[in-house]
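I have placed the structure first, in the form of structure tokens, so that the comments after it can refer back to it.
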Amino acid sequence: MDLEALLAALVPSWNSVILLLSYFVYLATIGSVLPGKIVPGAVLPDGSRLHYRCNGLASLLLLIALLGAGIYMKWISSAVIADKGVELLSATFIFSLFVSLVLYATGLKSQSKSSSLRPHVTGDFVHDWWFGVQLNPHCLGIDLKFFFVRAGMMGWLLINLSLLAKTYEAGNANVSVILYHTFCALYVLDYFFYEEFMTSTWDIIAERLGFMLVFGDLVFIPFTFSIQGWWLLKNKVELTKTAAVANCLVFFIGYQVFRGANRQKHIFKKDPKALIWGKPPKVIGGKLLASGYWGIARHCNYLGDLLLALSFSLPCGISSAIPYFYPTYLFILLIWRERRDEARCSQKYKEIWTEYCRLVPWRILPYVY
Ligand code: NDP
66 MDLEALLAAL
76 VPSWNSVILL
86 LSYFVYLATI
96 GSVLPGKIVP
106 GAVLPDGSRL
116 HYRCNGLASL
126 LLLIALLGAG
136 IYMKWISSAV
146 IADKGVELLS
156 ATFIFSLFVS
166 LVLYATGLKS
176 QSKSSSLRPH
186 VTGDFVHDWW
196 FGVQLNPHCL
206 GIDLKFFFVR
216 AGMMGWLLIN
226 LSLLAKTYEA
236 GNANVSVILY
246 HTFCALYVLD
256 YFFYEEFMTS
266 TWDIIAERLG
276 FMLVFGDLVF
286 IPFTFSIQGW
296 WLLKNKVELT
306 KTAAVANCLV
316 FFIGYQVFRG
326 ANRQKHIFKK
336 DPKALIWGKP
346 PKVIGGKLLA
356 SGYWGIARHC
366 NYLGDLLLAL
376 SFSLPCGISS
386 AIPYFYPTYL
396 FILLIWRERR
406 DEARCSQKYK
416 EIWTEYCRLV
426 PWRILPYVY
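Positions in the sequence shown are counted from 1; adding 65 to them yields the numbering used here.
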């Protein structure tokens, strides 16, 4: 794409705006009507709890089936998302900007005293708009934070499926392409299979909804996590058998650590007596799990995620740094987040946290960090 075409594509066409809005309307409607497990969220400071309808997997599979039928009937092209990539990116960016300003304005006006809707205002516009004013704003009964992260994760898979179709049509599908797309698809499907685990993550329990999260969920996740897919569309990589096997191994180990750690924490929060790796858990102060992955490092789940991120880039070989954007970004984000989470936990758990740090001195990677 030359510069002129790129600049023109930055102004979204009505088609891409309609495509984007139809996607949101589908998710909002189907998410409200499809059955799903109702999961209670974390207990908020005022003692209240939100409830989340975890029907993301069913919503996603239904959407893929509907799109598949549309493609089969030749109503839509399988490459439509890949073809409109830049336009969709700018449409989503403008939408995020708009939504975050609306969130800021409505948050300021809120008179609510509840933990979910009470406004947190510093008076610094940039800070309040960026980090958000309310913890859990909602619209028409939909929890917006849960909705946006769902839209972003599904968007990533939809972009990838469209890129895969385009790469296949161009005759460029090979082992690298298959590995990258399979790993990402498994990651996203797994995310929705375990969607209820999301309800106890930092974003949901601690982060307010401002531009940072809206942009992160709607723009950053789908459009930058798929960079490798865009790159493989234009660049052919021939992996050796050894490299392909090593790549699968990194994915597999990363997945075990990532999913295992997140699952252990989730199970522990629901039942502090549940067995961890077949043994009664080691618990500090009745609140913190110090066995299983949580006895190896205080954020083993981040280590697993970093290995997974690396496994999504390795199919692109090492000739370019561009496909390594995602692991690099995630590395910086998770180090920063680990520090913020550490400060939050230290304040929340006080001497119990100090005891945990003494017992489990490693933050993410034992003997290194
Ligand atoms: P965690 O799921 O690790 O949640 C941190 C919270 O868990 C803490 O604030 C504390 O909350 C609780 N906690 C911490 N240690 C313990 C313990 N030993 N026992 C019991 N509870 C504990 O962090 P995130 O929400 O940041 O991450 C969730 C997943 O999402 C991770 O796997 C991460 O890699 C992934 N992620 C991916 C991103 C991406 O862009 N791909 C971005 C961000 C995260 P409490 O007050 O409830 O006790």
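We put the CB at the ideal spot given by N, CA and C, even for glycine.
Query raised in the report: Who are C381's beta bridge partners in DSSP?
Result: Answer by DSSP bridge pairing: none, since C381 is not bridged.
**Report entry** Euclidean distance between Cα positions of T247 and D67
**Finding:** 31 Å
Report task. Sort out for me which residues DSSP pairs H116 with in a bridge. Result -> P105
Query raised in the report: Between E152 and the rest of its own chain, which residues show a CB-CB distance below 7 Å, the 5 nearest in sequence each way excluded?
Result: A74, P77, S78, S81
Requested in this report: Can you give me the Cβ contacts of T157 inside the same chain, cut-off strictly under 7 Å, excluding the 5 residues immediately before and after it?
Outcome: L85, L283, V284
**Report entry** N-terminal and C-terminal residue of the alpha helix (DSSP H) that F262 is part of
**Finding:** Taken as a continuous stretch (DSSP letters only), F262 belongs to no alpha helix (DSSP H), as it is neither H nor E.
**Report entry** Supposed close pair Q329, Y358 - CB separation, criterion 8 Å
**Finding:** 6 Å
Query raised in the report: Taking 7 Å as the cut-off, is the CB of R363 close to at least one heavy atom of the ligand NDP?
Result: yes
Requested in this report: Grab me the residues of E361's own chain with a C-beta within less than 8 Å of its C-beta, minus the 5 sequence neighbours each way, in chain order.
Outcome: Residue 361 is actually Ile in this sequence, not Glu. Counting only Cβ-Cβ distances below 8 Å, and skipping sequence neighbours, we find V425, W427, P431.
Query raised in the report: By Cβ distance, which residues of its chain are closer than 7 Å to G101, with the 5 residues on each side in sequence left out?
Result: R118, C119, N120, A123
Requested in this report: Classify Q321 as buried or exposed, calling it buried when 16 or more other Cβ atoms lie within 10 Å of its own Cβ.
Outcome: exposed
Query - Those runs of the alpha helix (DSSP H) which lie wholly inside the region 289-348 and span at least 4 residues - result: 292-299, 306-335
Query - V279 vs V164 beta-carbon contact at 8 Å - result: yes
Query raised in the report: Under 8 Å between C-beta atoms, does F248 make it to chain D?
Result: Structure shown: chain D not included; a single protein chain is present.
Requested in this report: Name the two residues that bound the continuous alpha helix (DSSP H) containing Q412.
Outcome: 390-414
Report task. Check each candidate in G350, W296, L205 and name the one with the smallest Cα separation from F390. Result -> W296
Query raised in the report: Are the beta-carbon atoms belonging to S179 and D111 less than 8 Å from one another?
Result: yes
Report task. Return the first residue and the last residue of the alpha helix (DSSP H) that E10 is part of. Result -> This structure gives no information on residue 10, because the portion of the chain shown stretches from 66 to 434.
Report task. Look at the alpha carbon of G281 and the alpha carbon of K306, and state the distance between them as a whole number of angstroms. Result -> 36 Å
Query raised in the report: Closest to L229 by CA distance: which of I146, I270, E260, A339 is it?
Result: I146
Query raised in the report: Buried or exposed: which applies to G369, given that a residue is buried once 16 or more other Cβ atoms fall within 10 Å of its Cβ?
Result: buried
Query raised in the report: Short check: CB of L222 to CB of V253, under 8 Å?
Result: yes
Query raised in the report: Sorted by chain position, which residues of the same chain lie with C-beta nearer than 6 Å to G294's C-beta, five sequence neighbours on each side aside?
Result: N225, L228
Requested in this report: Classify L353 as helix, strand or coil using the three-state DSSP reduction.
Outcome: strand
Requested in this report: Would you identify the three-state DSSP class for D208, choosing helix, strand or coil?
Outcome: strand
Query raised in the report: Taking the alpha carbon of L173 as the point to measure from, which residue in Q199, M263, A374 has its own alpha carbon closest?
Result: Q199
Query raised in the report: When we look at the beta-carbon of I349 and count the other beta-carbons within 10 Å, is it buried (16 or more) or exposed?
Result: buried
**Report entry** Coil, strand or helix - H246 by DSSP
**Finding:** helix
**Report entry** Cβ-based burial, R215 [other Cβ within 10 Å; buried from 16]
**Finding:** buried
Report task. Measure the beta-carbon distance from K210 to L274 and round it to whole angstroms, keeping in mind my assumption that it falls under 8 Å. Result -> 5 Å
Requested in this report: For the alpha helix (DSSP H) holding G133, just list the boundary residues, first then last.
Outcome: 121-137
**Report entry** S385 beta carbon near the ligand NDP (any heavy atom closer than 7 Å)
**Finding:** no
Report task. Please report the residue range of the alpha helix (DSSP H) in which G96 lies. Result -> 79-98
Report task. Check H192 in the structure and name its three-state DSSP category. Result -> helix
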